[in-house]
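**Q** Residue numbers (my numbering), protein chains in the order written: chain A, 1 to 139; chain B, 1001 to 1139. Virtual Cβ for every residue (Gly too), placed ideally from N, Cα, C. The structure displayed is predicted, hence computed values, not measured ones. Here it is: the structure, laid out below.
Number of protein chains: 2
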Amino acid sequence: MDPRVSFVTLAVADLAATRRFYVDGLGWEPDFEHEDEVLMFEVADKVVLSLWAEWGFEAEVGPVRRGSGIVPITLAHNLATRPEVDGVLAVARAAGSPEVSDAVEREWGGYTGYFADPDGFRWEVAHNPGPIGQRVLPD
Amino acid sequence: MDPRVSFVTLAVADLAATRRFYVDGLGWEPDFEHEDEVLMFEVADKVVLSLWAEWGFEAEVGPVRRGSGIVPITLAHNLATRPEVDGVLAVARAAGSPEVSDAVEREWGGYTGYFADPDGFRWEVAHNPGPIGQRVLPD
């Protein structure tokens, strides 16, 4: 098996709320959508982010973990400069993110903050000046 | 904010077990690793999968959701043919995946199965003959 991710799928409780946040709020253009079931965005070359209604996810994959606490994943959006990090966090706040934490300097040399989407999935908005952080930036 | 994912981070309980599964079992080559804290793989052009020790994740992001049920995300690995799907599921089983479900035909025309990593994160192994499924395949 080669190390390759084609889709990242998040199960969402209310796809209409998800759509309002990502499409109306963040201004993303759907790559594909099917009624009240799924909404997809191309988020890298050959990688699609799929927001899938929880009922569909549970029917196929199984009952999801419920309760308090943060789902143990984050998606990071890396940027070339610190001011861009602040700018994207401001956009997320304006889009109605239920939780935004301002960026701070990290001990590893980066500058990162987080915002939550309507289901509480955490996005990390990051400037990472190290080699791996530079390598993920758009050309 | 442009629709772009740079890192997908999963918080893992036991990084040594994670390493045994992905590196020794699946045969993946780490792109970066730091002691018992983090293990990274390049999983698409400009996209890195980061397996982060849960203690580090919780210290920075917050307490994770615990309990039964499946973490409400999946990562998909798409393939050009049905036999390749069966092949990768066999590899995951041989690598010691704690749970593998054989691929089945899906109503939308695909052929997919799932395996779990040591933390129970679900990987979907998929043949998707539709346009979006074809677009994510390697050149």
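Taking 7 Å as the cut-off, decide whether the C-beta atoms of residue 1048 of chain B and residue 1054 of chain B are in contact.
**A** Taking 7 Å as the cut-off, the beta carbon of residue 1048 of chain B is found no closer than this to the beta carbon of residue 1054 of chain B.
**Q** Would you give the residue range spanned by the alpha helix (DSSP H) that residue 15 of chain A belongs to?
**A** 15–19
**Q** Anyone know if the C-beta pair for residue 1028 of chain B and residue 3 of chain A falls short of 7 Å?
**A** Less than 7 Å separates the beta-carbon of residue 1028 of chain B from that of residue 3 of chain A.
**Q** Taking buried to mean at least 16 other C-beta atoms within 10 Å of its own C-beta, is residue 1019 of chain B buried or exposed?
**A** buried
**Q** Which partner residues of residue 38 of chain A appear in the DSSP bridge assignment?
**A** A/34, A/52
**Q** Could you tell me the distance, in whole angstroms, from the CA atom of residue 1097 of chain B to the CA atom of residue 83 of chain A?
**A** 42 Å
**Q** Please report the straight-line C-alpha distance between residue 129 of chain A and residue 110 of chain A, rounded to a whole angstrom.
**A** Taken atom to atom, the span from the alpha-carbon of residue 129 of chain A to that of residue 110 of chain A is near 6 Å.
**Q** Go ahead and pull the three-state DSSP assignment for residue 92 of chain A.
**A** helix
**Q** Starting from residue 1132 of chain B, trace the alpha helix (DSSP H) in both directions and tell me its first and last residue.
**A** 1131–1135
**Q** Around the Cβ of residue 1117 of chain B, are there at least 16 other Cβ atoms within 10 angstroms (buried) or fewer (exposed)?
**A** Buried is the call here.
**Q** When every heavy atom of the ligand PLP is checked, does at least one fall within less than 6 Å of the C-beta of residue 1087 of chain B?
**A** For the structure depicted, the ligand PLP is absent and the ligand set is empty, with no information on it obtainable.
**Q** Interface residues of chain A around residue 1091 of chain B at Cβ under 9 Å?
**A** In chain order, 1 make up the part of chain A whose C-beta sits under 9 Å from the C-beta of residue 1091 of chain B.
**Q** Determine the extent of the beta strand (DSSP E) in which residue 105 of chain A is found, giving its start and end residues.
**A** 100–105
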